Amino acid sequence: MIKVTKNPKETEKLAGFLLAKFLKNKSGKAPIVIALEGELGAGKTTFTKGLAKALGVKKKIKSPTFTLIKSYKIPTTYYKLLTTSFLYHIDCYRLRNYKDLLSLGIEEIISSPENIVLIEWSDRVQEILPKSHIKIHIDHIDKNTRKINISP
Ligand code: ADP
Ligand code: MG
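Per my numbering, the very first residue in the sequence shown carries number 949; after that it's consecutive.
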């Protein structure tokens, strides 16, 4: 599916719209893992903010460029499918490869069914992405326009 957004708000809204679809299609045994691709300033963090808002996460989402992994508790009122669940925001910009993530517990994070995991610069850690991951590729068209390709 390809969507074009005309400003950051539209990208945030799109994330909320897609979240509902992802939750509907979710298998009980696998977490939702979203691989975010696109150049610096494409809108990967903006997309993540929209998704966090849709989940009811109140904390401000900041790019985890230095921390690599940030986690946010998802309020159960917004996400009734599970009792406890976490949103993980991972930024691989500074990584050479997936090995840097192993000591941070990445394997458990991307295999626990209650998690929703967003990975910026996911192309650097292809090897660890579960087969069932969702790929979101954002292309910078002009100052405020983005082409967003969602697959499958
Ligand atoms: P990334 O995480 O991919 O590096 P960010 O989300 O941090 O990108 O930054 C995207 C920048 O582009 C923000 O300054 C945002 O305001 C701007 N922007 C302009 N138009 C859009 C759009 N349609 N969708 C997303 N971001 C947009
Ligand atoms: Mg970012």
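Just so you know, even glycine gets a beta-carbon here, dropped at the ideal spot from N, CA and C.
Every value quoted in this text rests on a predicted model; they were computed, and no experiment measured them.
Residue i burial status per 10 Å Cβ neighbour count (16 or more: buried)
| i | result |
| --- | --- |
| Ile980 | buried |
| Pro1012 | buried |
| Arg1042 | exposed |
| Val1005 | buried |
| Gly989 | exposed |
| Ile950 | exposed |
| Val1073 | buried |
| Thr1024 | exposed |
Proximity to residue i [Cα-Cα], best of the options
| i | options | result |
| --- | --- | --- |
| Ser1019 | Phe1034, Pro1100, Ile1089, Glu1068 | Phe1034 |
| Glu1056 | Tyr1041, Tyr1036, Ser1070, Glu1068 | Tyr1036 |
| Asp1071 | Glu987, Asn955, Ala963 | Glu987 |
| Leu1066 | Ser1051, Ile1009, Thr1093 | Ile1009 |
| Ser1117 | Tyr1041, Ile1022, Ile1017, Lys1021 | For the chain, the structure presents residues 949 to 1100; residue 1117 sits outside this window and is missing. |
| Asn1045 | Leu1077, Ile1022, Ser1059, Pro1023 | Leu1077 |
| Cys1040 | Lys1047, Ile1086, Glu1068 | Glu1068 |
| Ile1058 | Ile1096, Lys977, Ile1098 | Lys977 |
| Asn973 | Lys1007, Lys997, Ser1080, Thr953 | Ser1080 |
According to DSSP, residues forming a beta bridge with residue i
| i | result |
| --- | --- |
| His1085 | Glu985, Asn1097 |
| Thr953 | Arg1094 |
| Leu1035 | Tyr1020, Ile1064 |
Whole-Å CB distance - residue i paired with residue j, under 8 Å assumed
| i | j | result |
| --- | --- | --- |
| Ile1022 | Ile1084 | So it is not a contact: roughly 19 Å between Cβ atoms. |
**Message:** Runs of 3 residues minimum, wholly inside the stretch 976-1020: which ones carry the beta strand (DSSP E) assignment?
**Reply:** Counting whole runs of 3 or more residues, the stretch 976-1020 contains the beta strand (DSSP E) stretches 980-985.
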